[in-house]
Structure formats: structure tokens, C-alpha cells
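Taking it in order: structure first as C-alpha cells, then the write-up.
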Amino acid sequence: MPFSIRDNLLVILPENHRCADSERFPVAELVNDPFILLEKGGKAEISEIFERNNMTPNVRFTTWNNHAVLGVISHML
């Protein structure tokens, strides 16, 4: 029997962000704010989503380390 496994993608937002209370984050909103891209090795899944939807995010920082992303975010808030 075929099955698929799907990972959820998470968005980290300030509490006062216009989409913070959204049950599902609208992907198109990702291009309206500074973006930190987490890429480990090859192209990240989110990069493929951007390409498929002809979207260009405002990437301010790219890293492969989760802790680096959290550190940058904590300094931005």
C-alpha cells in the first residue's frame, strides 16, 4: 500500500506579526518580510516552493545551523 510522509514547515514570527494568529501561514507572505534561509547541503524544500510559485524572498541570512537561525532571530526581535 503506497503512503507518503510529509514534514511540516514552520515559520518563526514575532508575536505582533500580522500573520501570527493564522492557523496556516500564507506562503505568499514570506516575500514581504526579511527571510532567514536554513539550507543544509542541497537546495532547501522552501527554496523549491519559492521557485514553483515564482516568488523571490528577501533573504537576509543563509545558514545550515538551526542555532544560528535562532540567534539571528533573537537579535532581530
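The letter at position 70 of the sequence shown is residue 88 when you use our numbering, and the numbering goes up by one with no holes. Glycine included, each C-beta is placed from N, C-alpha and C at the ideal position.
When only Cα atoms are considered, residue 33 and residue 26 end up about 20 Å apart. Cβ-Cβ distances below 7 Å link residue 58 to 82 in the same chain, with the five nearest sequence neighbours on each side left out; the list follows chain order. For residue 70, there is no enclosing beta strand (DSSP E); the residue is found in the alpha helix (DSSP H) stretching over 63–70.
For residue 48, no beta strand (DSSP E) segment is defined, and its DSSP state is neither H nor E. Between residue 45 and residue 74, the beta carbon gap of about 13 Å keeps them out of contact (Cβ cut-off 8 Å).
Annotation for residue 76: the continuous beta strand (DSSP E) segment containing it runs 76–81. A distance of 7 Å or more separates the beta carbons of residue 43 and residue 76.
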